[in-house]
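**Q** Residue numbering for the sequence shown is 1 to 131, as defined by UniProt numbering. Where a beta carbon is used, it is the ideal one built from N, C-alpha and C, also for glycine. This structure is in structure tokens; I'll ask about it shortly.
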Amino acid sequence: MSAKSPLYSLASKLVDQFSKSGLVLTRQSCHQLLHAAIGSVSPEVASNKNIPIYTCRYPETRQYNLYATIKRAEKCLGVGYFQAVGIAEEIIESLRSAGVGVNQVQLLLDPSFSPAGKKTSIQSTEEKSRA
């Protein structure tokens, strides 16, 4: 399974789910929200830095960034804070249910990942713990 497929299929489901509730969400903005939530910053950063996105079995190994997802929803979708909170919670719940996250242990220990990629992901993780 490729690294993109967990987010790709989840984005399709979310776009359909949000369109049924009346919110127009493009695939691109959905991917922006998913990447903000898992801490890989953005689709561009994740692909350039080869951030390991995977489906995991153990819920304690996954972390999600609610604050970054709220801010990204406000910016990308042009919605107010409270609507952005609801959207961010749905995004994170979908990720949690699907078991999708960033393999932070692999990211930190695997020498094939660049120091810049590690630094980007670590900074994003530190933001999660402060929020």
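If I follow the unbroken alpha helix (DSSP H) through residue 26, where does it start and stop?
**A** Counting along the chain, residue 26 falls outside any alpha helix (DSSP H), and DSSP gives it neither H nor E.
**Q** Taking the beta strand (DSSP E) that residue 53 falls in, what are its first and last residues?
**A** 53-55
**Q** For my contact list, residue 101 and residue 30 are in at a C-beta cut-off of 8 Å; report their separation, rounded to the angstrom.
**A** With 8 Å as the limit, residue 101 and residue 30 do not qualify as a contact, their Cβ atoms being about 17 Å apart.
**Q** Taking the C-alpha atoms as reference points, what is the distance between residue 91 and residue 14?
**A** 8 Å
**Q** Could you give the distance in angstroms between the alpha-carbon of residue 18 and the alpha-carbon of residue 24?
**A** 7 Å
**Q** With which residues is residue 100 paired in a DSSP beta bridge?
**A** 55
**Q** Report yes if the CB atom of residue 10 is closer than 7 Å to the CB atom of residue 88, and no otherwise.
**A** no
**Q** Hey, quick one: how far does the alpha helix (DSSP H) through residue 48 stretch, first residue to last?
**A** Its alpha helix (DSSP H) spans residues 43-49.
**Q** If we ignore side chains and look at the alpha-carbon of each, how far apart do residue 6 and residue 94 end up?
**A** 11 Å
**Q** Is the beta carbon of residue 68 less than 7 Å from the beta carbon of residue 36?
**A** Between residue 68 and residue 36, the C-beta gap is smaller than 7 Å, which places the two residues in contact.
**Q** Are the Cβ atoms of residue 96 and residue 32 separated by less than 7 Å?
**A** no
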